[in-house]
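Report on one structure; see the data block that follows.
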Amino acid sequence: MKNAFKLLSKLIALCAGIYGLLFLVFYLDLDGKLLFRKVEPMLVKHYDKMERRDPLSMAYDVNG
Amino acid sequence: MKKIDLKKLKQLDVKKLAKDFWQGKPHGERRLGELYEDKTGLYKHREWRGVKDTFYYFNNIWLYNYIMMVGDIMKFGGPVIFAKGLWRYRWMGQTYLPVLHWFDRGLEGLRGEALRASAWHYRAMVCVTINQFMNMFKADANLHGGKHNEAWHHSIAHKETVWGGIFYPWADKFTHIPLEMIPYFVTCHVNNHTVLNYIDAVQSIGLPGDPCPMCQAEAGLFVQDDMPDYAPFVITSNEACDGSVASTAIQDWFMNIPLFAMPQPMQFDDPLVQEHCANEIKECWRFIEEQTGVPFDWEQLKKNLEKQNELQRFEWEKWDVAANTNHYPINGVAQALYRIYQSQYGEHYIWHDTDKRVRKILEKCVEQRIDTFPMTRHRMIAWSCAPLYYSHWCTWAYNCWGLNTIINMDSLMFDMEIRTDNLENTVMDMAKYHEWAPMRRMAVGGMHHIFELWENMEKFHCDMVMMYDQLQCKGMQGVVGLFEDEFRARNIHAIWMPHALPDKRTVSRAEIRRIINDYMTTVMQEEPLDPSLLDFDDSESW
Amino acid sequence: MRDLKHLIFFENLLQEANNDLVKQARQEGRYALGYTCYFMPEVLLDLPGCFSVRLRAPRCGSPEMATYYMSNRTCHYGRSLMERALEGGFNFLDAQLATETCTVTCRFQEHLKQMDVIQNPNFFCEFTDVPFKKTENSFVHYRRQLQAHVLDPLHEKFGIDTSDEALLAAIAQHNEVCRLISEIGAYRKLDNPPITGYEFHVIQLVSLTCPKDLILPYLRETAEELKTRQPELRSPFRIRVVLAGAENDDPYFTQLLESCGALVVADRYCYGSLPGREEIHVAEGQSPLDAIARHYLSTSMCPRFMPQEDMRGRKKYLADLVREYHADGLIVASNKFCEYWSYERTMDALILPRDFGIPTCSIEKEYVNSASGQLRTRFQAFIESVEIKKIQEGAKK
Chain A
1 MKNAFKLLSK LIALCAGIYG LLFLVFYLDL DGKLLFRKVE PMLVKHYDKM ERRDPLSMAY
61 DVNG
Chain B
1001 MKKIDLKKLK QLDVKKLAKD FWQGKPHGER RLGELYEDKT GLYKHREWRG VKDTFYYFNN
1061 IWLYNYIMMV GDIMKFGGPV IFAKGLWRYR WMGQTYLPVL HWFDRGLEGL RGEALRASAW
1121 HYRAMVCVTI NQFMNMFKAD ANLHGGKHNE AWHHSIAHKE TVWGGIFYPW ADKFTHIPLE
1181 MIPYFVTCHV NNHTVLNYID AVQSIGLPGD PCPMCQAEAG LFVQDDMPDY APFVITSNEA
1241 CDGSVASTAI QDWFMNIPLF AMPQPMQFDD PLVQEHCANE IKECWRFIEE QTGVPFDWEQ
1301 LKKNLEKQNE LQRFEWEKWD VAANTNHYPI NGVAQALYRI YQSQYGEHYI WHDTDKRVRK
1361 ILEKCVEQRI DTFPMTRHRM IAWSCAPLYY SHWCTWAYNC WGLNTIINMD SLMFDMEIRT
1421 DNLENTVMDM AKYHEWAPMR RMAVGGMHHI FELWENMEKF HCDMVMMYDQ LQCKGMQGVV
1481 GLFEDEFRAR NIHAIWMPHA LPDKRTVSRA EIRRIINDYM TTVMQEEPLD PSLLDFDDSE
1541 SW
Chain C
2001 MRDLKHLIFF ENLLQEANND LVKQARQEGR YALGYTCYFM PEVLLDLPGC FSVRLRAPRC
2061 GSPEMATYYM SNRTCHYGRS LMERALEGGF NFLDAQLATE TCTVTCRFQE HLKQMDVIQN
2121 PNFFCEFTDV PFKKTENSFV HYRRQLQAHV LDPLHEKFGI DTSDEALLAA IAQHNEVCRL
2181 ISEIGAYRKL DNPPITGYEF HVIQLVSLTC PKDLILPYLR ETAEELKTRQ PELRSPFRIR
2241 VVLAGAENDD PYFTQLLESC GALVVADRYC YGSLPGREEI HVAEGQSPLD AIARHYLSTS
2301 MCPRFMPQED MRGRKKYLAD LVREYHADGL IVASNKFCEY WSYERTMDAL ILPRDFGIPT
2361 CSIEKEYVNS ASGQLRTRFQ AFIESVEIKK IQEGAKK
């Protein structure tokens, strides 16, 4: 019983901690800052470097 | 260590502090502009809206939507195909990850029921967006080693200006996915940088810079090889304009799949055109039957049209509240985007879920006579096509100047129910419905349509006009003088907002704000509600 | 070459929309019917009792008043027409038979309808809806539209005879104009034609802007004259080009191009003859109106047509013209702010060189271009590049 109570308390504390952390992320706009400063530039670099097909070389059948 | 100024501490109004903490600062004291980081539009910290609304925002908007987005991805295809699509397509990775910031921008300053109702509209749009791109990815040959899988064979591609209802007869067997709605249209609102790549791409192959940038971007997606190969055939339309017709030629080249053109007549008031338009729809259906081998299903069509009619009826109820009371709980941007998305895309379960939730809020506001936008100084009607890269200008305008955008022109299209008593009536109504599409309902078929502004101003009890001035829209540029004449003759306060639809480089957000600020100070001679919002640099923001 | 007998007369006619022949026809009690687009069948406006005038705004300077109404971000052609209307230059019109075929000309015509611009108490402006395809559904629709919005108003308001007999008479007259223009135009296929592109442009334009019966005698004489006209011993031109594109009612544009050394051998633009001067055939048992509707939709090469085969077929049509007229290259020109042709010429400039080996120059122009140094430079560069290509190909052979 005591152990269950201890476990429950730990779980609640953990959830509260996660919740608090998430609130911090939310309130300080850390998700936006991460995406803007790190994720988007990384992805844009990737897209800029990507090898792409040249659509201008695609055939154009004018005979229908 | 900083010295604590005891004098200042003693002067603190603790009661006020506590009140501001609990309830959130009153409108005039919020200083929302000071929350922005310079240039980026990121927040030093998100708004404190009082305990109740801040935790509502945190739990029911921010956390809820992040969780639901993960849930939607799991539901609509799973993380693997999502990751593949994100890695392959710029419009996916660059745009849709910061989607919660899109919420933030549109919902700035909102409290209470307005916050709740508006946010549900955003949630719905996110759900349908995820559904669409996941459907694209599941069918995309580019993500499946060039192979055409079952999903590919059961997808229907169409121009985003083809109304989704055309495909209702196959709703249970085929997935219709607009070509450009997700890769282009929605991206402009969420992250206005992405689209610039596509505009530049199409200009790099020789297209001049002056055609409508929407059509430029739509073509540019193909030039940049950034369009999924997700369907065996495509349906096109002549909506909204010449540019849409013209850009299809480039798209056709790069898609190189069977194409059916389903144009709508321009002179749509003419009763003589309706049969022609109805026949075009029937021919489109015949084409789909030929391509898929699956016959037209009247019951599916009827069922989905009746569901759509429900959505339209609720829209009219909302308009009624918006027009005649100050209890309407949906802000200008949520109203505008939801309406155009829902009506153009067509039937989806999320619209009904959303409307159920919003109905509850709406009824509460009406019953309890809640003034949802209490700082309204002017009721505004927005006319012509809006700047996609600054669709949330109306949120800023309300916070800064008390300008409450009650309704906008493109919300007023598709304004009818469709009969389902027999096929002939249904098709005739569908023909008319499609003629009443965004930008078409007002901008073509005679100038009397575009001048329906006056009757709508009256209907919605608006005292000011935000006249969108899309610089590259030939149709609207062609009537500027007559509007000027009418504004003068009718003594209407109208602010012209120049913009280039998705392209922020032509007229920046800051420039738009400056124009509105100038009008409000010099002509209206008013003071801003929140001076911190007058001038700030968001040049790099999403 | 010896000057064409009526060239100066034709050039003078083109200086005003309300030219001497238009005035003469009006004095005779005939109704002047304005239009801007090939989709408004000129043959219907040339029924007995009325005559068609395809609108131009010659010598138009800066369209300031029109720019107030239509901003400076719309096609210069549409604004120039609006300016001319505001100046009173179209007050001779009794009606404008309008089409909503391209946005800017549509707006111009809507202004005519909305505002009291044309100082003629009987003036009316009537719109016809034009389909975007060449299917049976479209033919039927177009025919109904022409009946309801062209023939019926002409009959009701002006008492014009719109019977089948009257239509057949108009078709006969129209076909004679087409035969003569086509006959004159066919000379351009020769290695050393007895007619320049500029001269042909002038002749084609007078056939569009003057009452048919009054211009016909001059066209007949010109056709006769050309049978014996001797070209220069040696062609003064360096290359031969097909000129394609959007609205082009400025013969000085053709003159500018030819002064740089490129002979315009075919005119595939709005106001041009290819298409535009094909005879209308009425089959046995077919109503003349049905024949007219099918003819104008079938022959048109407007970029407005949306079906896949039509979009792609336009490229083939251009390539065929280049071959048929023995051209060395293609110039595609459109006005700034023309949505349709911005895309069309972008594709022409990519597809035609790549798939047909046709050197192609894509040009943006204004409504009036005679003094354009920029255009001259572009043309000269293109002509040189084509010449070099010809020399290199000659050397390879």
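Residue numbers (this note's numbering), protein chains in the order written: chain A, 1 to 64; chain B, 1001 to 1542; chain C, 2001 to 2397.
Heads up, the beta-carbon is just placed ideally off N, CA and C, and yes, glycines get one too.
Computed from a prediction, not measured in an experiment: that's the story for all the values here.
Query	Result
Could you tell me whether any Cβ in chain A is nearer than 7 angstroms to the Cβ of Gln1342 (chain B)?	no
Verify the CB distance criterion: does Lys2315 (chain C) have a CB-CB separation below 7 angstroms to chain A?	yes
Please list, in chain order, the chain C residues whose beta carbon lies closer than 7 angstroms to that of Glu1280 (chain B).	Asn2137
From the DSSP secondary-structure annotation, give me the bridge partner or partners of Thr1405 (chain B).	B:Met1380
Is DSSP giving Ala2057 (chain C) helix, strand or coil here?	coil
Would you check if there are 3 or more beta carbon pairs closer than 8 angstroms linking the region 2200-2213 of chain C to the region 2282-2295 of chain C?	no
Can you find a CB in chain C that lies within less than 7 angstroms of the CB of Ala1246 (chain B)?	yes
Hey, out of B:Lys1364, B:Ala1240, B:Thr1372, whose CA is closest to Thr1161 (chain B)'s CA?	B:Ala1240
What does DSSP give as the partner residues of Phe2127 (chain C) in its beta bridges?	C:Ala2098
DSSP state of His1493 (chain B), grouped into three classes?	strand
Do you know how far the Cα of Glu1283 (chain B) is from the Cα of Glu1289 (chain B)?	10 angstroms
Curious, which full-length beta strand (DSSP E) runs of at least 3 residues does the region 2227-2272 of chain C contain?	2239-2245, 2262-2269
Out of C:Cys2075, C:Thr2067, C:Phe2039, C:Gln2392, which one is the CA nearest neighbour of Pro1211 (chain B)?	C:Cys2075
How many angstroms separate the CA atom of Leu1042 (chain B) from the CA atom of Glu2387 (chain C)?	58 angstroms
Note down, one range per segment and in chain order, each beta strand (DSSP E) of at least 3 residues found wholly within the region 1025-1105 of chain B.	none
Starting from Gly2329 (chain C), trace the beta strand (DSSP E) both ways and give me its first and last residue.	2329-2335
Using a 10 Å radius around the Cβ and a threshold of 16 neighbouring Cβ atoms, would you call Leu1423 (chain B) buried or exposed?	exposed
Can you tell me which residues form a DSSP beta bridge with Pro1498 (chain B)?	B:Asp1469
Nearest CA to the CA of Phe2253 (chain C): which residue from C:Leu2097, C:Glu2083, C:Arg2179, C:Gly2373?	C:Gly2373
Say whether chain C places a C-beta atom closer than 7 angstroms to the C-beta of Ala1249 (chain B).	yes
Bridge partners of Ile2363 (chain C), per DSSP?	C:Ala2333
When we look at the beta-carbon of Ile2008 (chain C) and count the other beta-carbons within 10 Å, is it buried (16 or more) or exposed?	exposed
Could you tell me which residues DSSP pairs with Ser1155 (chain B) in its beta bridges?	B:Thr1175
Which residue wins for smallest C-alpha separation from Leu1534 (chain B), given the options B:Thr1325, B:Cys1365, B:Pro1026, B:Tyr1036?	B:Tyr1036
Note down the Cα distance separating His1493 (chain B) from Asp1469 (chain B), rounded to an integer number of angstroms.	15 angstroms
Tell me which residues of the region 34-57 of chain A have at least one Cβ-Cβ distance to chain B shorter than 7 angstroms, keeping chain order.	Leu35, Phe36, Val39, Glu40, Leu43, Val44, Tyr47, Arg52, Arg53, Pro55, Leu56
Can you tell me whether Met1464 (chain B) is helix, strand or coil according to DSSP?	strand
Taking CB distances under 7 angstroms as the criterion, tell me whether Tyr60 (chain A) reaches chain C.	yes
Could you check what DSSP says for Val1507 (chain B) in three-state terms: helix, strand or coil?	coil
Report back the beta-carbon spacing between Tyr1389 (chain B) and Asn1517 (chain B) to the nearest angstrom; my notes put them in contact at under 8 angstroms.	Their Cβ separation, rounded to whole angstroms, is 19 angstroms, which puts Tyr1389 (chain B) and Asn1517 (chain B) out of contact at 8 angstroms.
Could you pull the DSSP bridge partners for Val2034 (chain C) from this structure?	According to the sequence shown, residue 2034 (chain C) is Gly rather than Val. DSSP, once it has assigned bridges, lists C:Val2053, C:Gln2096 as partnering Gly2034 (chain C).
Since Gln1274 (chain B) meets chain C, which of its residues come closer than 7 angstroms, beta carbon to beta carbon?	Under the 7 angstroms cutoff, chain C gives no residues; its nearest Cβ is about 10 angstroms from Gln1274 (chain B).
Go to Leu2007 (chain C), then tell me how far its alpha helix (DSSP H) extends in each direction, as first and last residue.	2007-2013
Comparing the C-beta of Gln1224 (chain B) with each C-beta of chain C, is any distance below 7 angstroms?	no
I need the straight-line Cα distance from Ile2383 (chain C) to Thr2377 (chain C), nearest angstrom please.	10 angstroms
Using beta-carbon positions only, say whether Ala1139 (chain B) and Trp1152 (chain B) come within less than 7 angstroms of one another.	yes
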